[in-house]
Amino acid sequence: MFTGKRPTDDIFKEGLSLHNFVKTALPGEVIEVIDPNLVQTQFNEDATSNHGHNFWNGRNNKLVAESLISIFEIGISCSAESPQQRMNIGDVSAQLSSIRNKLLRTRLPREREVGSATPL
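Each residue of the sequence shown is one higher than the last, beginning at 20 in my numbering.
Pasting the structure below:
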């Protein structure tokens with residue numbers, strides 16, 4: 020969902036799996052595995068220039084990047100080959116809720132500013 024790739028894509032024909040594709044990119048190359056459409060939706064055009072070098076700029080963009088890394092790490096844990104190595108679903112739910120709450124807290128002040136600037 021976050022990579023825009025399917026396990027059946029040509030990139031995965033020679034032994035590379037979606038799991039390993041993401042795992043090898045974390046944390047420093049996360050911009051390389053994110054679906055470009057997702058990045059363009061969330062960030063300004065500078066975020067996608069120069070292979071994402073500007074992706075980390077700005078407090079909110081950094082928080083979103085850190086959140087995406089955490090989400091990918093959860094996905095890697097949930098897709099481990101051995102069921103014993105997979106993350107507990109209760110922990111998954113708690114961590115995803117925590118990520119969502121952090122992101123929502125950063126959006127609320129901006130929405131209040133926009134709302135207060137609108138004439139009645």
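Ideal Cβ placement from N, Cα and C applies to all residues, glycine included.
Nothing here was measured: the structure is a model prediction, and the numbers come from that model.
Closest residue to residue 22 among 122, 38, 106 (Cα-Cα distance): One-based indexing of the sequence shown puts residue 22 at position 3. 38 is the residue among 122, 38, 106 whose C-alpha sits nearest the C-alpha of residue 22.
Rounded straight-line distance, which links the Cα of residue 97 to that of residue 82: Position 63 of the sequence shown, counted from the start, is the residue given in the question as residue 82. Position 78 of the sequence shown, counted from the start, is the residue given in the question as residue 97. Approximately 22 Å, taken between the alpha carbons.
Neighbourhood of residue 34 by C-beta distance below 6 Å, restricted to the same chain and skipping five residues each side: Position 15 of the sequence shown holds residue 34. Same-chain partners within the cutoff: there are none.
Residue 88 versus 106, 107, 115, residue with shortest Cα-Cα distance: Here residue 88 refers to the residue found at position 69 of the sequence shown. For the residues 106, 107, 115, the minimum Cα distance to residue 88 belongs to 115.
Local Cβ density within 10 Å of residue 94, reported as buried at 16 or more and exposed below that: As a first step, residue 94 must be located in the sequence shown, where it is residue number 75. With 16 or more Cβ atoms within 10 Å of its Cβ, residue 94 is classed as buried.
Cβ-based neighbour list, residue 44, same chain, cut-off 7 Å, excluding 5 preceding and 5 following: Taking the sequence shown and counting its residues from 1, the one referred to as residue 44 is at position 25. Apart from sequence neighbours up to five positions away, the residues of its chain that approach residue 44 with a beta-carbon distance below 7 Å are 51, 52, ordered along the chain.
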